[in-house]
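Notes follow once the structure below has been shown.
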Amino acid sequence: MLDVIDLGYPEATCHLPLLNAECTVRCFTVGETTSLRTSNTFGVTLINNINETIYNCIQQKPDDLFDDYNKFRKVLPTKDRDALLYSILEASDELKQVIPMTCPNCSNTQELEVNLQDCFDAVLYDGEPGGILNEEEVYTFETPKVIINVTLKVPTLDRERRVLMAVKNIQAVDPLLLSSLYTIHKINFVDKRDNKDLGTIDANNFESLQIFLRRLKLKQLKDIDNHYVETLGRYGLSLKFSYVCNRCNQVNNDIPLDLIQFFFQAIV
Ligand SMILES: [Zn+2]
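Position in the sequence shown counted from 1, then plus 370, gives you this note's numbering.
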């Protein structure tokens, strides 16, 4: 029975930057990372497997926020998953990574040895624990005939799952459109002539949402996204690093690293 003896795993403390709560995580086991990295799954199935594996690594949970996997999916902002993964890598002694980088100037790809600790930064939500889930940001703009109020919220794992299930052929979707689908909670229309409420598109009405977003000007969609990035989107962990290209010598500053995408080769 020695193959199942309790080894005790190294742990790390994780502060969830958006939920404003603490938990402890254990390291990944070889079995966990290999099965995720070599799985033939993609899209929503892969993301579900990643979420479950990360959840299983949590040793001490903030019980008043989530005490089972279903609740975890409902309340965990996607950006807090990055923080969990970072702490799991810390517990796994894997903060040093080799990252293939493609130079934006000359397209040369080189491998960079990076210590994630050196490029770590975080903006913390300082409201009450879990309060971020009730935060809404309204962005208003006008067309010649209509006033449009876009309500934005922080996306959770559940929201991400719904989007991934609703959008077919995710790689063909414009990244800006995709990120808007994650963050838009509802869109309300008001007639400019008489201030009459013309109705609301709900976040889960993916068909109407996509049709409407595709009808916008690119600048309008960018402005919605920028508003999110500058407000609710500023919270969370960010990993950015700078390096000099070994072919054209260009200094590439503040290159962001998407930890989930990098570590699991997942398209989210
Ligand atoms: Zn270059």
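Quick reminder that beta carbons are idealized off the backbone N, C-alpha and C, glycines included.
request  = Determine the burial state of I375: buried for a count of at least 16 other Cβ atoms within 10 Å of its Cβ, exposed for fewer.
outcome  = As a position in the sequence shown, residue 375 is number 5, starting the count at 1. The C-beta of I375 has fewer than 16 other C-beta atoms within 10 Å across all chains shown, which makes the residue exposed.
message = Our contact map puts P469 next to L482 with C-beta atoms below 8 Å; I'd like the distance itself, whole angstroms only.
response = Taking the first residue of the sequence shown as 1, we reach residue 469 at position 99. Taking the first residue of the sequence shown as 1, we reach residue 482 at position 112. Here residue 469 turns out to be Ile, not Pro, going by the sequence shown. That belief holds up - the Cβ atoms of I469 and L482 are roughly 5 Å apart, short of 8 Å.
task = Entirely within the region 500-569 and at least 4 residues each: give me those alpha helix (DSSP H) ranges in chain order.
result = Those alpha helix (DSSP H) runs which fall completely within the region 500-569 and span 4+ residues are 527-536 and 545-553.
ask   = Which one of G603, F490 and D624 has the shortest CA to CA distance from L522?
value = Looking up residue 522 in the sequence shown gives position 152. Ranked by Cα distance from L522, the options G603, F490 and D624 are led by G603.
request  = Would you mind reading off the limits of the beta strand (DSSP E) that contains S612?
outcome  = In the sequence shown, counting from the first residue as 1, residue 612 sits at position 242. Unbroken beta strand (DSSP E) run through S612: G606 to V614.
message = Going by C-alpha to C-alpha distance, which of Q541, T601 and T526 sits closest to V449?
response = Counted from its first residue, the sequence shown places residue 449 at position 79. One detail in the question is off: residue 449 reads as Lys in this sequence, not Val. Minimum Cα-Cα distance from K449 among the listed residues Q541, T601 and T526 corresponds to T526.
ask   = Rounded to whole angstroms, how far is the Cβ of F559 from the Cβ of V516, which I believe are closer than 8 Å?
value = Here residue 559 is taken as the residue at index 189 of the sequence shown, counted from 1. Here residue 516 is taken as the residue at index 146 of the sequence shown, counted from 1. Distance from F559 to V516 at the Cβ level is roughly 5 Å; contact confirmed, criterion being Cβ atoms closer than 8 Å.
ask   = Can you find a heavy atom of ligand 1 that lies under 7 Å from the Cβ of N475?
value = For the purposes of this step, residue 475 is taken as residue 105 along the sequence shown, with counting starting at 1. Within the cutoff, so yes.
request  = Confirm, please, whether the CB-CB distance from L588 to L609 is below 8 Å.
outcome  = Looking up residue 609 in the sequence shown gives position 239. Looking up residue 588 in the sequence shown gives position 218. Not in contact: L609 and L588 (Cβ atoms no closer than 8 Å).
ask   = For the alpha helix (DSSP H) that contains I458, what are its first and last residues?
value = In the sequence shown, the residue the question calls residue 458 occupies position 88. Element bounds for I458: T448 to A461.
key: Start and end residues, alpha helix (DSSP H) containing N359   = With the chain covering 371 to 638 only, the question about residue 359 has no answer from this structure.
message = Quick check on DSSP: helix, strand or coil for L583?
response = Translated into the one-based positions of the sequence shown, residue 583 becomes position 213. Judged by DSSP in its simplified three-state form, L583 adopts helix.
query = In or out: L551 buried (at least 16 other Cβ within 10 Å) or exposed?
reply = Reading the sequence shown from its first residue, position 181 is the one you call residue 551. L551 is buried by the Cβ-count criterion.
query = For T493, which residues from the same chain have a beta carbon less than 6 Å from its beta carbon, with the 5 sequence-adjacent residues on both sides left out?
reply = What you label residue 493 is simply residue 123 of the sequence shown in a count that begins at 1. Before going on, a small fix: residue 493 reads as Val here, not Thr. Cβ-Cβ distances below 6 Å link V493 to R604 and Y605 in the same chain, with the five nearest sequence neighbours on each side left out; the list follows chain order.
request  = State yes or no: is the C-beta of N478 nearer than 7 Å to some heavy atom of ligand 1?
outcome  = Stepping through the sequence shown from its first residue, residue 478 is reached at position 108. True, at least one ligand heavy atom lies under 7 Å from that Cβ.
ask   = Would you say L602 faces chain B, with C-beta separation under 8 Å as the test?
value = Looking at the structure shown, chain B is missing, and only one protein chain is on hand.
query = Of all the options T423, Q487 and K431, which has the alpha carbon lying nearest to the alpha carbon of T404?
reply = As a first step, residue 404 is located in the sequence shown; it is residue number 34 there, counting from the start. By alpha-carbon distance to T404, the top candidate from T423, Q487 and K431 is T423.
inquiry  = Between F611 and L406, how many whole angstroms is the CB-CB distance? I'm expecting something under 8 Å.
reply    = Walking along the sequence shown from the start, residue 611 turns up at place 241. Walking along the sequence shown from the start, residue 406 turns up at place 36. About 24 Å separates the CB atoms of F611 and L406; that is not less than 8 Å, and the two are not in contact.
Distance, V621 Cα to E506 Cα = For this step, residue 506 is matched to residue 136 along the sequence shown. For this step, residue 621 is matched to residue 251 along the sequence shown. Answer to the nearest angstrom: the Cα atoms are 38 Å apart.
task = Compute the Euclidean distance between the alpha carbons of G569 and L547, then round it to the nearest angstrom.
result = Indexing the sequence shown from 1 puts residue 569 at position 199. Indexing the sequence shown from 1 puts residue 547 at position 177. Straight-line Cα distance between these residues: approximately 22 Å.
message = Judging by CA-CA distance, which residue of T415, V533 and D488 is the nearest neighbour of T467?
response = Numbered from its first residue, the sequence shown carries residue 467 at position 97. The sequence given here has Gln at residue 467, not Thr. The shortest CA-to-CA distance from Q467 to any of T415, V533 and D488 is the one to D488.
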